[in-house]
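If you read the sequence shown in my numbering, its first letter stands for residue 13, the second for the next number, and so on. Below is one structure, written out as structure tokens; the observations come after it.
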Amino acid sequence: MPASSSPVELAKPAARPPLIRMRGVKKIYRTRGEEVLAVQDVTLDVEEGELVTLVGPSGCGKSTVLKILAGLHPHDEGEVQIGGPDHPFQGGRDVGMVFQQPLLLKWRRILDNVLLPAEILGLPRKAARERARDLLAMVGLPGVEDRYPYELSGGMQQRAAIARAFVHDPKVVLMDEPFGALDALTRERMNLELLRIWADSHKTILFVTHGIQEAVFLATRVAVLTSGPARMADTFTVDLPMPRNLDLHNDPKFGAYTHRIYRLLGLSTDGSANIKRD
């Protein structure tokens with residue numbers, strides 16, 4: 013009897029779990045006998061290699077979400093995973109953090125500032141120094157290893173802070189409005205630099221901003237939070253080509269994405285407040 017010629021279906025490989033997973037996360041701040049609900053039922057997945065922007069109004073709880081992921085703040089309800097269910101969260105070892113200000117130690121040279129997380133984690137010093145030098149070159153700061161922070165501009169200091177966040181080879185880099193204090197032109201340059209660094213490093217980045225155009229320009233995907241307490245209003249993929257340049261601001265699709273965020277935040281596309289009155 014001839015063998016069957018029916019095609020054999022091969023099993024599809026199982027989908028990889030997201031590198032960041034948040035499910036129903038809630039955070040309450042308790043102070044002076046009062047409770048303030050900061051984050052309510054936030055659910056978010058971030059895949060390995062993505063650059064996801066988290067955008068919302070000032071004070072809505074974006075930074076709190078980041079600090080929960082960094083292990084700096086405990087959450088009251090919900091589930092938080094970094095690295096997947098088979099990789100227990102290791103706090104500072106798994107996460108690099110870039111804050112709103114560079115927070116470089118003024119008495120340490122730039123190379124020693126970049127090395128700080130590696131020192132805290134007890135990583136081998138020789139390998140860490142080599143990596144720190146490579147990272148300074150990657151962020152466009154070769155030759156500044158022996159300088160002090162006051163000798164660098166604000167943008168250069170923030171680049172050094174980015175190198176510091178990468179030095180211990182974390183799974184995820186969390187960025188909390190890192191360019192918010194920079195002037196507009198420097199901020200545009202830093203956005204371009206960040207995209208180059210992300211492409212070179214292949215890291216997973218979650219970037220907090222209240223800048224709507226910045227959120228779209230940087231992202232492979234955007235997550236939009238409502239006014240506090242932070243709730244997830246929407247997440248969507250940004251289908252725009254990489255690498256990106258400033259001409260992207262003229263792309264009609266770029267405008268459509270920014271208008272989508274405006275609407276989600278309660279603003280009409282002409283910029284007026286969409287407020288319901290009794």
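Glycine included, every Cβ here is placed at the ideal spot set by N, Cα and C.
| Query | Result |
| --- | --- |
| Can you list, in chain order, the residues of its chain with a C-beta nearer than 6 Å to that of residue 246? Leave out the 5 residues immediately preceding and following it. | 236, 276 |
| Out of curiosity, what's the CA-to-CA distance linking residue 156 and residue 122? | 7 Å |
| Give the DSSP-derived three-state secondary structure of residue 50 in the structure shown. | strand |
| Can you tell me whether residue 257 is buried or exposed, with buried defined as 16 or more other CB within 10 angstroms of its CB? | exposed |
| Do the CB positions of residue 228 and residue 220 come within less than 8 Å of each other? | no |
| Residue 218 CB to nearest chain D CB: under 8 Å? | Among the chains in the structure shown there is no chain D, since it carries only a single protein chain. |
| Measure the C-alpha to C-alpha separation of residue 173 and residue 271 and round it to an integer number of angstroms. | 32 Å |
| Measure the alpha-carbon distance for residue 89 versus residue 120 and round it to whole angstroms. | 40 Å |
| Can you give me the C-alpha to C-alpha distance between residue 169 and residue 262, rounded to a whole angstrom? | 30 Å |
| Going by DSSP, name the residue or residues bridged to residue 185. | 108, 217 |
| Helix, strand or coil for residue 267, going by three-state DSSP, please let me know. | helix |
| Where do the N-terminal and C-terminal ends of the alpha helix (DSSP H) with residue 146 fall, by residue? | 137 to 150 |
| How many Å lie between residue 137 and residue 130 at the Cα? | 8 Å |
| Using only the alpha-carbon positions, how far apart do residue 162 and residue 62 sit? | 33 Å |
| Tell me residue 77's beta-bridge partners as DSSP assigns them. | Looking at the DSSP assignment, residue 77 forms no beta bridge with any residue, so it has no partner. |
| Pull up the distance between the alpha-carbon of residue 108 and that of residue 178, whole angstroms please. | 6 Å |
| Between which two residues does the alpha helix (DSSP H) harbouring residue 178 extend? | 166 to 178 |
| Let me confirm a value: residue 45 is counted as buried when at least 16 other C-beta atoms fall within 10 Å, else exposed. Which label applies? | exposed |
| Could you name the residues of the same chain whose beta carbon sits closer than 6 Å to that of residue 159, not counting the 5 residues immediately before and after it, in chain order? | 122 |
| Under the three-state reduction of DSSP, which class applies to residue 307: helix, strand or coil? | Because residue 307 is not part of the residues shown, which for the chain are 13 to 290, the question remains open. |
| Apply the 10 Å Cβ neighbour rule to residue 43 and answer buried if 16 or more other Cβ atoms are within range, or exposed otherwise. | exposed |
| Between residue 140 and the rest of its own chain, which residues show a CB-CB distance below 7 Å, the 5 nearest in sequence each way excluded? | 127, 130, 179 |
| For residue 248, does the three-state DSSP call read helix, strand or coil? | strand |
| From what residue to what residue does the beta strand (DSSP E) around residue 64 run? | 63 to 67 |
| Please go through the same chain and pick out, in chain order, the residues whose beta-carbon is closer than 8 Å to the beta-carbon of residue 87, but skip the five residues on each side of it. | 37, 38, 39, 51, 80 |
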